[in-house]
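Undergrad:
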Amino acid sequence: MNPALRDGIVFQLGWLCCVAGGNRGALLAAVILVPLQVTWPGRRSTREWRMILLCAAIGLAMDLGWQLLGVLTFKGQLVWTTPGWLVVLWLMFAGTLFRSLAFLQDRLLLAAALGALSGPLSYIAGMRLGAAETTHPDSIVALAMAPAWAVLLPLLARLARGSNAEGVSS
Numbered sequence: 001m002n003p004a005l006r007d008g009i010v011f012q013l014g015w016l017c018c019v020a021g022g023n024r025g026a027l028l029a030a031v032i033l034v035p036l037q038v039t040w041p042g043r044r045s046t047r048e049w050r051m052i053l054l055c056a057a058i059g060l061a062m063d064l065g066w067q068l069l070g071v072l073t074f075k076g077q078l079v080w081t082t083p084g085w086l087v088v089l090w091l092m093f094a095g096t097l098f099r100s101l102a103f104l105q106d107r108l109l110l111a112a113a114l115g116a117l118s119g120p121l122s123y124i125a126g127m128r129l130g131a132a133e134t135t136h137p138d139s140i141v142a143l144a145m146a147p148a149w150a151v152l153l154p155l156l157a158r159l160a161r162g163s164n165a166e167g168v169s170s
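Residue 107 in my numbering sits at position 107 of the sequence shown; the count goes up by one each step and never skips.
#1: For F103, does the three-state DSSP call read helix, strand or coil?
#2: Would you tell me roughly how many angstroms separate the C-alpha atoms of L64 and L155, rounded to the nearest one?
#3: If you run the structure through DSSP and keep just helix, strand and coil, what is L16?
#4: Rank V87, L104, A26 and L109 by C-alpha distance to the C-alpha of L60 and give the top, closest one.
#5: Would you kindly report the start and end of the unbroken alpha helix (DSSP H) that includes S122?
#6: Grab me the residues of F11's own chain with a C-beta within less than 6 angstroms of its C-beta, minus the 5 sequence neighbours each way, in chain order.
#7: State buried or exposed for G162, treating a residue as buried only when at least 16 other CB atoms are found within 10 Å of its CB.
#8: Determine the direct distance from the alpha carbon of L101 to that of S118, and round the result to whole angstroms.
#9: Pick from L5, G8, G22 and R50: whose alpha carbon is nearest that of M172?
#10: Under 6 angstroms Cβ to Cβ from A111, same chain only, skipping five residues before and after it: list those, please.
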């Protein structure tokens, strides 16, 4: 099977575990799926790991912003903290930037369009599965998130591309 396809499938399984299963599902994802994502098709370099951590931190900061603005409340969190399942999810998502989403590294306009569409849809799906709550209609949440994701996904893809340009093997 194509390594990018495997990576995408593993991430989608991780997304489902984290979003539908909360912190317990994230534990399952961290024990079973993260090791699969880390080792397929080969081990990640130190430089790639640094970029994964940076990209995950940027994504977590955005989610903290949604919380502080009152757009979303994530399930499984303590007061003013990020739930464990969201940390695992962002780490897994950041890993896809080097494999299944690596094609976006040179297609930043496509990354913006996909981000504007898929980012908000992912959150709405997560709300439907009980991972988050909002007091706003789905359409307002989507309209608020679309511009942020239209900037975030190309930014993350560009960071991943810059890391690859410095010799990270994908």
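Even glycine gets a Cβ: it sits at the ideal position worked out from N, Cα and C.
TA: Straight from the coordinates:
#1: Here residue 103 is taken as the residue at index 103 of the sequence shown, counted from 1. Reduced to three states, the DSSP call for F103 is helix.
#2: The residue you call residue 64 lines up with position 64 of the sequence shown. The residue you call residue 155 lines up with position 155 of the sequence shown. Answer to the nearest angstrom: the Cα atoms are 18 angstroms apart.
#3: Position 16 of the sequence shown, counted from the first residue, corresponds to residue 16. Annotated three-state conformation of L16 is helix, per DSSP.
#4: By one-based count along the sequence shown, residue 60 stands at place 60. The residue among V87, L104, A26 and L109 with its C-alpha nearest the C-alpha of L60 is V87.
#5: The sequence position of residue 122 within the sequence shown is 122, counting from 1. For S122, the uninterrupted alpha helix (DSSP H) run begins and ends at L108 to R128, by DSSP.
#6: On the sequence shown, residue 11 is found 11 positions in, with the first residue counted as 1. Excluding positions up to five away in sequence, the list reads M92 and T96.
#7: Position 162 of the sequence shown, counted from the first residue, corresponds to residue 162. Per the 10 Å Cβ criterion, exposed.
#8: In the sequence shown, counting from the first residue as 1, residue 118 sits at position 118. In the sequence shown, counting from the first residue as 1, residue 101 sits at position 101. The alpha-carbon atoms of S118 and L101 are separated by roughly 13 angstroms.
#9: Here the chain covers residues 1 to 170 and nothing more, so residue 172 does not appear.
#10: By one-based count along the sequence shown, residue 111 stands at place 111. Excluding positions up to five away in sequence, the list reads L104, L153, P154 and A157.
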